[in-house]
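Asker: In the numbering used here, the protein residues as written are 1394 to 1674.
Beta carbons: idealized from backbone N, C-alpha and C, even for Gly.
Note that this is a predicted model, so its numbers are computed, not measured.
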């Protein structure tokens, strides 16, 4: 895209003017000095428009350059992340760490320590803790920034975000078998179709609900026979699995009734499951 070319060119200019910066520090000063776009929400623009002049003059860099706290799914939720703050100037700096929230009640972010002193080239770890006292309604995400203000000089900002997934949106839908009675066959398997994850609209913001894992387990009665399929890092969408009538070890299943348990595990919150019955003839 045009944006990729612009970002690459800007990075090359800053790298030429600041050859002492490593890749993490270069990214930190580029993101940290970007100029926010006033008419665009944070989740759509990220840090904003790159400013090569400000990046070349930056004295502080942070890694990672952005902070995702994860998904808040209950009252009292909290999440901890750690960033590395580096003095990329030639002088000793006193840096104040200031967390800002975009006016959303119930959500707070605190930094510890909130003030650090670094020699030229020195780094320090800073812990960031996000807390949600109660879940705001009709919001898909809460955003803000962490400011690193250097005394006597400029500062940088790190965008952060807390996702607020819809509590009613299902993680599994349209879970069905093409047939519930079939013979074992490698050539003409039965098909399990699953709609996993979700895409919802919250206050005009599209929200994706991915899965950490999607499992298909085989059961007979109350006994778990094993795992038939496992997908990791699953994006919302429709998925299909072939059931050949063979078990987890590859052997043909004996005739009789069985159950499938389809398990959807999100990055945070409660998993969902569905059971389907079938019979091998």
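Would you give the residue range spanned by the beta strand (DSSP E) that residue 1461 belongs to?
Answerer: 1460-1464 is the extent of the beta strand (DSSP E) around residue 1461.
Asker: Let me see if you follow: with CB-CB separation under 8 angstroms, is residue 1396 close to chain C or not?
Answerer: Of the protein chains in the structure, only one exists, and it is not chain C.
Asker: With a 10 Å radius around its C-beta and 16 neighbouring C-beta atoms as the bar for buried, classify residue 1527 as buried or exposed.
Answerer: With fewer than 16 other Cβ atoms within 10 Å, it is exposed.
Asker: Let's test the definition: count the other Cβ atoms within 10 Å of the Cβ of residue 1537 and tell me whether it reaches 16, buried, or not, exposed.
Answerer: Residue 1537 is buried by the Cβ-count criterion.
Asker: Is there contact between the region 1583-1590 and the region 1564-1574, where contact requires at least three CB pairs shorter than 8 angstroms?
Answerer: Result yes; three or more Cβ-Cβ pairs closer than 8 angstroms.
Asker: Using a Cβ distance threshold of 8 angstroms, determine whether the region 1465-1482 contacts the region 1566-1580, with at least three qualifying pairs required.
Answerer: Flag = no, the region 1465-1482 and the region 1566-1580 do not touch.
Asker: Grab the span of the beta strand (DSSP E) containing residue 1633 for me, first residue to last.
Answerer: Unbroken beta strand (DSSP E) run through residue 1633: 1630-1636.
Asker: Count the other C-beta atoms from every protein chain shown that fall within 10 angstroms of the C-beta of residue 1535, then say buried if there are 16 or more, exposed otherwise.
Answerer: Buried, since its Cβ has 16 or more Cβ neighbours within 10 Å.
Asker: So residue 1641 and residue 1619 are in contact, right, with Cβ under 8 angstroms, and what is the actual spacing, rounded?
Answerer: About 3 angstroms separates the two Cβ atoms, so the contact holds.
Asker: Given residue 1491, which residues of its chain have a CB within under 6 angstroms of its CB, disregarding the five upstream and five downstream residues?
Answerer: For residue 1491, where only same-chain residues beyond five positions count, the Cβ hits under 6 angstroms are 1540.
Asker: For residue 1656, which beta-bridge partners are listed by DSSP?
Answerer: 1608 and 1666, per the DSSP bridge assignment.
Asker: Closest by CA to residue 1503, which one among 1514, 1510, 1427 and 1460?
Answerer: Ranking 1514, 1510, 1427 and 1460 by Cα distance to residue 1503 puts 1460 first.
Asker: I need the DSSP call for residue 1514, collapsed to helix, strand or coil.
Answerer: Residue 1514: coil per DSSP, three-state reduction.
Asker: When DSSP labels each residue in this structure, what does residue 1443 get in the three-state scheme?
Answerer: Looking at residue 1443 - three-state DSSP - the assignment turns out to be coil, as it is neither helix nor strand.
Asker: Tell me the DSSP secondary structure of residue 1403 in three-state form.
Answerer: The answer is helix: DSSP assigns residue 1403 an H, G or I state.
Asker: Per DSSP, residue 1542 is paired with what?
Answerer: Partner(s): 1489 and 1548.
Asker: Which residue's Cα is closest to the Cα of residue 1554: 1446, 1426, 1465 and 1395?
Answerer: The candidate whose alpha carbon is nearest that of residue 1554 is 1465.
Asker: Which value, in whole angstroms, describes the spacing of the CA atoms of residue 1582 and residue 1674?
Answerer: Approximately 13 angstroms between the Cα atoms of the pair.
Asker: With a threshold of 7 angstroms (Cβ to nearest heavy atom), would residue 1558 be considered close to the ligand PLP?
Answerer: Although the ligand PLP was asked about, the structure shown includes no ligands whatsoever.
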